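**Student:** For reference, the structure I am asking about is given below.
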Amino acid sequence: MAENKVFKIGRLRLIDDFPIALHTSFVTKSTFLEIEKDGPDITSMFQYYRQHGFVEFGSSRSTLNVIFPTLFERDILQCSSLIPLLQVESLCRDKRSNQVLEQTVIIYRSDCFTYVI
Numbered sequence: 150m151a152e153n154k155v156f157k158i159g160r161l162r163l164i165d166d167f168p169i170a171l172h173t174s175f176v177t178k179s180t181f182l183e184i185e186k187d188g189p190d191i192t193s194m195f196q197y198y199r200q201h202g203f204v205e206f207g208s209s210r211s212t213l214n215v216i217f218p219t220l221f222e223r224d225i226l227q228c229s230s231l232i233p234l235l236q237v238e239s240l241c242r243d244k245r246s247n248q249v250l251e252q253t254v255i256i257y258r259s260d261c262f263t264y265v266i
C-alpha cells in the first residue's frame, strides 16, 4: 500500500562548515501525506510537525550506542575510521494521541562534543 510507505529524511549538521552530526528521520506517508513532496525542503522535523498540527511531542525512548563509522559516515562526517561515533536512536511521539511521528537515528562525532550525564 502506498499509504504505508516510509520516507527517510536526512539532515547534516554543521558548525562553521564542519560536519558534526547526521540526523536521519523515518516517517510514514500515512502520517504526513505530503512527505514525498515536502521532504527535500525540510530542515527541522519539529517545525514540520508544528506545520501539520502536532504541537506537543517528545521522545518516548532512546538508545545510545558507540559505533565506528562506515565508509559512508566517514565520507560525510569527514572523519577517520578510528573516530568513535555516538548513535542515538529514538521515537518521537505526539503527546496528545501517543502516535509515533518518526523514528530517529542521530550520529554524532564523539570528538566534537562534551557530554554531561
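Numbering-wise (my numbering), the sequence shown opens with residue 150 and increments by one. For glycine and all other residues, C-beta sits at the position ideal for the given N, C-alpha and C. Here the structure is a predicted model, which is why all the values come from computation and not from measurement.
Thinking just about the alpha-carbon of each residue, which of Gln248, Ile225 and Ser230 is nearest to the one in alanine 277?
**Tutor:** A question about residue 277 goes unanswered here, because the residues of the chain that appear run from 150 up to 266.
**Student:** Would leucine 235 pass as a contact of serine 209 if the rule is Cβ separation under 8 Å?
**Tutor:** No. Outside cutoff.
**Student:** Whole alpha helix (DSSP H) runs in the stretch 208-234 with 4 or more residues, listed along the chain?
**Tutor:** If we require 4 residues or more, the alpha helix (DSSP H) runs fully inside the stretch 208-234 come out as 220-226.
**Student:** Using DSSP with H/G/I as helix, E/B as strand and the rest coil, what is aspartate 243?
**Tutor:** Correct three-state label for aspartate 243: strand.
**Student:** In the DSSP assignment, find the beta strand (DSSP E) that holds tyrosine 257 and state where it starts and stops.
**Tutor:** Start and end: 249-258.
**Student:** Could you compute how far the alpha carbon of proline 233 sits from the alpha carbon of phenylalanine 217?
**Tutor:** Roughly 5 Å separates the two Cα atoms.
**Student:** Report the three-state DSSP secondary structure of glycine 159 (helix, strand or coil).
**Tutor:** Of the three classes helix, strand and coil, the one that applies to glycine 159 here is strand, per DSSP.
**Student:** Put methionine 150 into one of helix, strand or coil per three-state DSSP.
**Tutor:** Interpretation of methionine 150 is limited by its pLDDT of 44, a score under 50 that renders its predicted location unreliable; the figure taken from the coordinates is listed afterwards. The answer is coil: DSSP assigns methionine 150 none of H, G, I, E or B.
**Student:** DSSP three-state label for glutamate 205, please.
**Tutor:** Coil at glutamate 205, not helix or strand.
**Student:** Consult DSSP for isoleucine 184 and reduce its assignment to one of helix, strand or coil.
**Tutor:** Correct three-state label for isoleucine 184: helix.
**Student:** Less than 8 Å separating the beta-carbons of glycine 145 and arginine 242?
**Tutor:** Coverage of the chain is limited to positions 150 through 266, which leaves residue 145 absent and any answer about it impossible.
**Student:** Going by DSSP, what residue range makes up the beta strand (DSSP E) through phenylalanine 167?
**Tutor:** Unbroken beta strand (DSSP E) run through phenylalanine 167: 167-177.
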